[in-house]
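Trainee: Counting in the numbering used here, the sequence shown runs from 8 upward without gaps.
For reference, the structure I am asking about is given below.
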Amino acid sequence: ALKNLDENGIIRIGAEVMPDDILVGRVTPKTEKELLPEERLLRAIFGEKAADVKDTSLRVPPGVYGVVINVEVFQRKERGRKSKKEKTEELKKLKEIEKYYQEEKEILEKEKMRRIAALLGKSEDKIRKKDLEDNEDARAILNIYEKRLEELEIEKELEITKIKKGDELPAGVLKRVVVYVAMKRKISVGDKLSGRHGNKGVIAKILPEEDMPFLEDGTPVDVILNPLGVPSRMNVGQLLEAHLGWAAHKLGIKVATPVFEGVKEEEIKNLLKKANLPEDGKTICYDGYTGKPFAQRVTVGYMYIMKLIHMVDDKIHARAIGPYSLITQQPLGGKAQFGGQRFGEMEVWALEAYGAAFTLQEILTVKSDDVEGRTRIYEAIVRGEQKFKPSVPESFNVLMRELQGLCLDIRAEKESKL
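See the structure below:
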């Protein structure tokens, strides 16, 4: 885990990483706690200080496999004397900045003179100040380049200030490290695609080209869309786009249909006719598996399909044990918090309908907010026993406290006392 870290504990660029790898090593001091006399004795003998810190490194989140492509370190300069090494580095960086901006200025100056010379029809060394004053276009070019040079000067000053003073960071932050990890992914089942008419959906199946349905001339289709997505949403634009796209592709023309002055249905029909295609945009398709034609003709055409950012690899999530809410002691929700799946009111009704009482009891107690019960069941599993004895869930205590907060004297008594 540590082999790809540099001397500052930051991962090197180009390292391949997987879940739970360290990206930035960091330790945090533990709060000083009272030691037992025997612990103090052991500390005095072995001088162990390692137990005073805990590992709070930045790690790769679950489900991320990739390559580190960039690391940015932001640091504010500490006041006080600088070491010789720091001074040398600072001077080196300042020289580099000076050199870079000097080159940029020279390029701009040359470009400026070349453009003015081309405008006036003179060679660059024969341009006089009077020529520029007389010609309005030349003055405009001059102003543009003067402005660019000013911007360069401001940029340069900012860079120099940044090196001398360090990066701007929030109060209390000494150093900030940003690590960029790149992931390569192939399109997969569960990724989300979309057309241009709000017709979005997820990929249900990916087939080899030879198994896809094909047209009469043997051309296999690229994507099959579910026809049930059209009548419910009534976004007929996708059908018109497919028809028009097919005609335009066959005729080798480009088409633009702006809003409110788009192409009429009649025009689409005429274009289809002109391209020797069926007027209704439907044709016979053949099953890729059997080679037999489908019972009905199918709408085919060309349309834009976009890939959305919602990818299945980012959505997939599993939790066994994880963080719990401080108040209710129930598992947190969501992938970002490494949460659990909510078993809501309606799901409870479903189990009640089946009479699955023990499953329900387990879900509502030890798998949720019964703190004692979940500790007990963990110990039982470790010992290889199959004991299950739930106790009072924490949400009951929360309810009691809420009612007490409303000045209602509510107490939980044992059955024998009632």
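Every residue, glycine too, gets a C-beta built ideally from N, C-alpha and C.
Counting Cβ pairs closer than 8 Å, one from the stretch 96 to 106 and one from the stretch 117 to 127, do we hit at least three?
Mentor: no
Trainee: For a test of the three-state rule: what should DSSP assign to R240, helix, strand or coil?
Mentor: Position 233 of the sequence shown, counting from 1, holds the residue named residue 240. Note: R240 maps to coil in three-state DSSP.
Trainee: At 4 residues or longer, and completely inside the stretch 233 to 311: list those alpha helix (DSSP H) runs for me, N to C.
Mentor: 244 to 258 and 272 to 281
Trainee: Among A145, V196, N242 and I114, which has the Cα closest to the Cα of G128?
Mentor: Here residue 128 refers to the residue found at position 121 when the sequence shown is read from its first residue. Taking only the C-alpha atoms, the option nearest G128 is A145.
Trainee: For a test of the three-state rule: what should DSSP assign to V389, helix, strand or coil?
Mentor: For this step, residue 389 is matched to residue 382 along the sequence shown. If DSSP states are grouped into helix, strand and coil, V389 belongs with the helices.
Trainee: When you compare each of L367, P26, R66 and I370 to V185 by their alpha carbons, which one comes out closest?
Mentor: Here residue 185 refers to the residue found at position 178 when the sequence shown is read from its first residue. When only C-alpha atoms are compared, the closest one is R66.
Trainee: For L427, which of Y187, V188 and G173 has the nearest alpha-carbon?
Mentor: With the chain covering only 8 through 425, there is no way to say anything about residue 427.
Trainee: State the Cα-Cα distance for the pair G269 and R240, rounded to the nearest angstrom.
Mentor: Within the sequence shown, residue 269 is the residue found at index 262, counting from 1. Within the sequence shown, residue 240 is the residue found at index 233, counting from 1. C-alpha separation (whole angstroms): 20 Å.
Trainee: Who are the near neighbours of Y311 in its chain, counting only those whose CB is closer than 6 Å to its CB and skipping five residues on each side?
Mentor: Translated into the one-based positions of the sequence shown, residue 311 becomes position 304. Cβ neighbours of Y311 within its own chain (closer than 6 Å, five residues either side excluded): R203.
Trainee: Would you kindly work out how many angstroms separate the C-alpha atoms of D229 and M219, rounded to a whole number?
Mentor: Taking the sequence shown and counting its residues from 1, one reaches residue 229 at position 222. Taking the sequence shown and counting its residues from 1, one reaches residue 219 at position 212. C-alpha separation (whole angstroms): 8 Å.
Trainee: Using the DSSP secondary-structure output, state which residues sit across from T35 in a beta bridge.
Mentor: Counting from 1 along the sequence shown, the entry for residue 35 is found at position 28. Bridge partners of T35: K61.
Trainee: DSSP three-state call for L30: helix, strand or coil?
Mentor: Translated into positions along the sequence shown, residue 30 becomes position 23. Looking at L30 - three-state DSSP - the assignment turns out to be strand.
Trainee: From which residue to which residue does the alpha helix (DSSP H) around Q368 run?
Mentor: The count along the sequence shown starts at 1 and reaches residue 368 at position 361. From DSSP, the alpha helix (DSSP H) with Q368 extends over A364 to L371.
Trainee: Report the residue ranges of all alpha helix (DSSP H) runs contained in full by the stretch 123 to 208; include only those spanning at least 4 residues, in chain order.
Mentor: 136 to 141 and 143 to 172
Trainee: Give the straight-line distance between the Cα atoms of I291 and L214, rounded to the nearest whole angstrom.
Mentor: Here the question's residue 291 lines up with position 284 in the sequence shown. Here the question's residue 214 lines up with position 207 in the sequence shown. Answer to the nearest angstrom: the Cα atoms are 20 Å apart.
Trainee: Taking the Cβ atom as the reference point for each residue, do A263 and G288 lie within a distance shorter than 9 Å?
Mentor: Position 256 of the sequence shown, counted from the start, is the residue given in the question as residue 263. Position 281 of the sequence shown, counted from the start, is the residue given in the question as residue 288. Not a contact, by the Cβ cut-off of 9 Å.
Trainee: Nearest to K314 by alpha carbon, out of I275, D377, N206 and L371?
Mentor: Within the sequence shown, numbered from 1, the residue matching residue 314 stands at position 307. The option with the nearest alpha carbon to K314 is N206.
Trainee: Note down the Cα distance separating I417 from R326, rounded to an integer number of angstroms.
Mentor: Position 410 of the sequence shown, counted from the start, is the residue given in the question as residue 417. Position 319 of the sequence shown, counted from the start, is the residue given in the question as residue 326. Taking the straight line joining both Cα atoms gives about 36 Å.
Trainee: On the CB-based measure, 16 or more other CB atoms within 10 Å of its CB, does T382 come out buried or exposed?
Mentor: By 1-based counting over the sequence shown, the position of residue 382 is 375. Per the 10 Å Cβ criterion, exposed.
Trainee: Comparing C-alpha positions only, which one of A387, M407, K94 and D321 sits nearest to I334?
Mentor: Counting from 1 along the sequence shown, the entry for residue 334 is found at position 327. Out of A387, M407, K94 and D321, M407 has the C-alpha closest to the C-alpha of I334.
Trainee: By the three-class DSSP mapping on this structure, what secondary structure does R418 have?
Mentor: Counting from one through the sequence shown, the residue named residue 418 turns up at place 411. Looking at R418 - three-state DSSP - the assignment turns out to be coil, as it is neither helix nor strand.
Trainee: Taking Cβ to Cβ, would you say L176 is nearer than 9 Å to Q82?
Mentor: Locating residue 176 in the sequence shown gives position 169, counting from the first residue. Locating residue 82 in the sequence shown gives position 75, counting from the first residue. Cβ atoms of L176 and Q82: closer than 9 Å.
Trainee: Tell me the rounded alpha-carbon separation between M353 and A360.
Mentor: Stepping through the sequence shown from its first residue, residue 353 is reached at position 346. Stepping through the sequence shown from its first residue, residue 360 is reached at position 353. M353 and A360: Cα-Cα distance of roughly 11 Å.
Trainee: Label L251 either buried or exposed according to how many other C-beta atoms from any shown protein chain fall within 10 Å of its C-beta, with 16 as the threshold for buried.
Mentor: Translated into positions along the sequence shown, residue 251 becomes position 244. Classification for L251: buried.
Trainee: What do you get for A254, buried or exposed, if any count of 16 or more other CB atoms within 10 angstroms of its CB means buried?
Mentor: Reading the sequence shown from its first residue, position 247 is the one you call residue 254. By the 10 Å Cβ count, A254 comes out buried.
Trainee: With 16 as the cutoff for other CB atoms within 10 Å, does G375 come out buried or exposed?
Mentor: Within the sequence shown, the letter at position 368 stands for residue 375. In the sequence on display, residue 375 carries Ser and not Gly. Classified as buried, S375 has 16 or more neighbouring CB atoms from the shown chains inside 10 Å of its CB.
Trainee: Quickly, what does DSSP pair Q82 with across the bridge? List them, please.
Mentor: As a position in the sequence shown, residue 82 is number 75, starting the count at 1. Per DSSP, K182.
Trainee: Report buried or exposed for G380, applying the criterion of at least 16 other Cβ atoms within 10 angstroms of its Cβ.
Mentor: The count along the sequence shown starts at 1 and reaches residue 380 at position 373. Burial is judged here by how many other beta carbons sit within 10 angstroms of a residue's own beta carbon; G380 has at least 16 and is buried.
Trainee: For I370, which residues of its own chain have a beta-carbon under 7 Å away from its beta-carbon, when the five flanking residues on both sides are left out?
Mentor: Working through the sequence shown from its first residue, we reach residue 370 at position 363. Cβ within range, chain order: F350.
Trainee: By the three-class DSSP mapping on this structure, what secondary structure does I17 have?
Mentor: Indexing the sequence shown from 1 puts residue 17 at position 10. Three-state result, I17: strand.
Trainee: Given this structure, state the Cα-to-Cα distance separating P238 from K191, to the nearest angstrom.
Mentor: Position 231 of the sequence shown holds residue 238. Position 184 of the sequence shown holds residue 191. Cα to Cα, P238 sits roughly 37 Å from K191.
Trainee: Assign T372 to buried or exposed, taking buried as 16 or more other Cβ atoms, counted over all protein chains shown, within 10 Å of its Cβ.
Mentor: Stepping through the sequence shown from its first residue, residue 372 is reached at position 365. With 16 or more neighbouring CB atoms inside 10 Å of its own CB, T372 falls in the buried class.
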